[in-house]
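Residue numbers (this note's numbering): 28 to 285. Note that the Cβ used here is the ideal one computed from N, Cα and C, for glycine as well.
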Amino acid sequence: MDVNNFLQSEATQFVGTAAANTIGLVIGTIHEDIKELLEIPDEYQAISIVSSRTGTVAQAIAIDDAVKAVNAKLLRFEMAIDAGKQCGQGCLFVLGAENISDARRLVEIALEQIDYWAACIYVNEVGHMESHVTPRAGEILHQIFGTPLGKAFGVIGAAPAGIGIVAVDQCMKAAPVDIVWYGSPSHNLTMMNEFSAGISGDVSAVQKALEAGKEVGCELLRVCGITPISITKVHEVCGTDYVKESYTPTSCLKPKEE
28 MDVNNFLQSE ATQFVGTAAA NTIGLVIGTI HEDIKELLEI PDEYQAISIV SSRTGTVAQA
88 IAIDDAVKAV NAKLLRFEMA IDAGKQCGQG CLFVLGAENI SDARRLVEIA LEQIDYWAAC
148 IYVNEVGHME SHVTPRAGEI LHQIFGTPLG KAFGVIGAAP AGIGIVAVDQ CMKAAPVDIV
208 WYGSPSHNLT MMNEFSAGIS GDVSAVQKAL EAGKEVGCEL LRVCGITPIS ITKVHEVCGT
268 DYVKESYTPT SCLKPKEE
């Protein structure tokens, strides 16, 4: 498939794309067999779909923000071992809406927000480090991570999983915050080589904690490879060849041709 043509798709289901290889789609009238397979309640005739190959938290926070503005409900959330050829996860979100207009608007808002939140994901040829803070968790984050509604919420995680444990430990030592969720290869992350934690507390404390964890996590990744780069900057720093080769910034290590 020609990616350039796909990004300009005229398919009515296509809404747009965002960072982290995220695609946003809608279905205005769901086939009854699909409704049954996905266990979609009869009250929802339209669905919003947000699916990515890299990350989950950036998409979750973006959708949490979108649901605050559009009447929709999270019906299905899944993570998969993916992240291109990196260790980590991809994701699938399916949300129900009463009409196609709401379904499309939700995806549009979410895609805009994903471009912002994905900047907090840093990668190199070894793994990744991410930390995200939102000042007020809504229904989506509560449903997925069990975090208290209306309180500041952050997620910090890294891959390989060992680096994530050290980052979370440093995070907890830096400020008075609470762990409300965690994921490891055998718990909540479907055998992904990552360790992450959901943090709740005062917004300034959550920010301080995650900054400390991010610093040590990025330093440990740098020991194993190049300095981690925001995934929104990899094309700019490494060039487009890295996408064709392996979806890691390994091409940054190669000398540039004259």
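Could you name the residues of the same chain whose beta carbon sits closer than 7 Å to that of I67, not counting the 5 residues immediately before and after it, in chain order? Within the sequence shown, numbered from 1, the residue matching residue 67 stands at position 40. Once the five neighbours on either side are set aside, the close Cβ partners of I67 are I57, I74, L102 and G123.
For I192 and M218, the rounded distance between their alpha carbons: Taking the first residue of the sequence shown as position 1, residue 218 is located at position 191. Taking the first residue of the sequence shown as position 1, residue 192 is located at position 165. Looking at the two C-alpha atoms, the distance is approximately 15 Å.
Start and end of the alpha helix (DSSP H) containing A93? In the sequence shown, counting from the first residue as 1, residue 93 sits at position 66. Residues V84 to V94.
Can you list the alpha helix (DSSP H) stretches of 4 or more residues lying completely in the segment 160 to 186, in chain order? Correct list: 166 to 172.
Who pairs with E63 in a beta bridge, going by DSSP? One-based indexing of the sequence shown puts residue 63 at position 36. None, per the DSSP bridge assignment.
May I ask you to verify whether the segment 232 to 252 touches the segment 136 to 143, counting CB pairs closer than 8 Å and requiring at least 3? Verdict: no, contact absent.
Identify which residue in T39, A46 and H159 has its Cα closest to the Cα of H262. For the purposes of this step, residue 262 is identified with residue 235 of the sequence shown, where counting begins at 1. Among T39, A46 and H159, the Cα nearest to that of H262 belongs to A46.
Report yes if the CB atom of I171 is closer than 8 Å to the CB atom of A87, and no otherwise. Taking the sequence shown and counting its residues from 1, one reaches residue 171 at position 144. Taking the sequence shown and counting its residues from 1, one reaches residue 87 at position 60. Yes, these two residues count as a Cβ contact at 8 Å.
If the criterion is Cβ atoms closer than 8 Å, does the pair H8 and A85 meet it? Residue 8 cannot be examined here, being either before or after the span of the chain that is shown, 28 to 285.
Return the CA-CA distance between N126 and P162, expressed in angstroms with no decimal places. Here residue 126 refers to the residue found at position 99 of the sequence shown. Here residue 162 refers to the residue found at position 135 of the sequence shown. The straight-line gap from Cα to Cα measures roughly 30 Å.
With the cut-off set at 8 Å, would you say A232 and A202 are in Cβ contact? Residue mapping note: residue 232 aligns to position 205 of the sequence shown, counting from 1. Residue mapping note: residue 202 aligns to position 175 of the sequence shown, counting from 1. Yes, these two residues count as a Cβ contact at 8 Å.
So, are the CB atoms of G181 and I226 less than 8 Å apart? Counting from 1 along the sequence shown, the entry for residue 181 is found at position 154. Counting from 1 along the sequence shown, the entry for residue 226 is found at position 199. Yes, they are a contact pair.
Output the boundary residues of the beta strand (DSSP E) element that contains Y149. Here the question's residue 149 lines up with position 122 in the sequence shown. First-last of the beta strand (DSSP E) with Y149: I148 to V150.
Skipping 5 residues on each side, what residues in its chain have a beta carbon closer than 8 Å to that of K271? Mapped onto the sequence shown, residue 271 falls at position 244. In this prediction, K271 scores a pLDDT of 44, lower than 50, which makes its location untrustworthy; the coordinate-derived value is nonetheless stated afterwards. Excluding residues within five positions, none has a Cβ falling inside 8 Å.
Give me the Cα-Cα distance between G177 and D129, rounded to the nearest whole angstrom. For the purposes of this step, residue 177 is taken as residue 150 along the sequence shown, with counting starting at 1. For the purposes of this step, residue 129 is taken as residue 102 along the sequence shown, with counting starting at 1. Straight across, the Cα-Cα distance linking G177 with D129 is about 24 Å.
Taking the C-alpha atoms as reference points, what is the distance between A93 and A107? Here residue 93 refers to the residue found at position 66 when the sequence shown is read from its first residue. Here residue 107 refers to the residue found at position 80 when the sequence shown is read from its first residue. The alpha-carbon atoms of A93 and A107 are separated by roughly 23 Å.
As a quick exercise: from S211, V53, S257 and G165, pick the residue whose alpha carbon is nearest that of A89. On the sequence shown, residue 89 is found 62 positions in, with the first residue counted as 1. It is G165.
Helix, strand or coil: how does DSSP classify V30 here? If you number the sequence shown from 1, residue 30 lands on position 3. In this predicted model, V30 has a pLDDT of only 41, less than 50, meaning its place in the structure is not dependable; the value taken from the coordinates is given anyway. Helix, per DSSP.
Which of helix, strand or coil DSSP assigns to A202: The residue given as residue 202 occupies position 175 in the sequence shown. Shown here, A202 sits in coil according to DSSP, grouped into three states, outside any helix or strand.
Measuring alpha carbon to alpha carbon, tell me which of P255, L247 and C265 ends up nearest Y149. Reading the sequence shown from its first residue, position 122 is the one you call residue 149. If we check each option's Cα against that of Y149, P255 comes out closest.
Can you tell which of P175, S213, A224 and H169 has its C-alpha closest to the C-alpha of D196? In the sequence shown, residue 196 corresponds to position 169, counting from 1. The shortest Cα separation from D196 among P175, S213, A224 and H169 belongs to A224.
For K235, I'd like the list of residues in its chain whose CB is within less than 8 Å of its CB, leaving aside the five on either flank, ordered along the chain. On the sequence shown, position 208 is the one that residue 235 refers to. Excluding positions up to five away in sequence, the list reads A201 and A202.
Contact set for V207: own chain, Cβ-Cβ below 6 Å, skip 5 residues either direction: For the purposes of this step, residue 207 is taken as residue 180 along the sequence shown, with counting starting at 1. These residues qualify, in order along the chain: G173, T174, G225 and S227.
Minimum length 4: unbroken alpha helix (DSSP H) runs contained in the segment 197 to 242: Those alpha helix (DSSP H) runs which fall completely within the segment 197 to 242 and span 4+ residues do not exist here.
Out of I167, G244, L168 and N151, point me to the one whose CA is closest to G252's CA. As a first step, residue 252 is located in the sequence shown; it is residue number 225 there, counting from the start. For G252, the closest C-alpha among the options I167, G244, L168 and N151 is that of N151.
In DSSP terms, what Q116 is bridged to: By one-based count along the sequence shown, residue 116 stands at place 89. Its beta-bridge partners are I108.
Going by beta carbon distance, what residues of the same chain come within less than 8 Å of D205, once the five residues before and after it are set aside? As a working mapping, residue 205 is identified with position 178 in the sequence shown. Cβ-Cβ distances below 8 Å link D205 to I226, S227 and G228 in the same chain, with the five nearest sequence neighbours on each side left out; the list follows chain order.
Which partner residues does T49 have in the DSSP bridge list? Start at 1 with the first residue of the sequence shown, and residue 49 comes out as number 22. Bridge partners of T49: A45 and S79.
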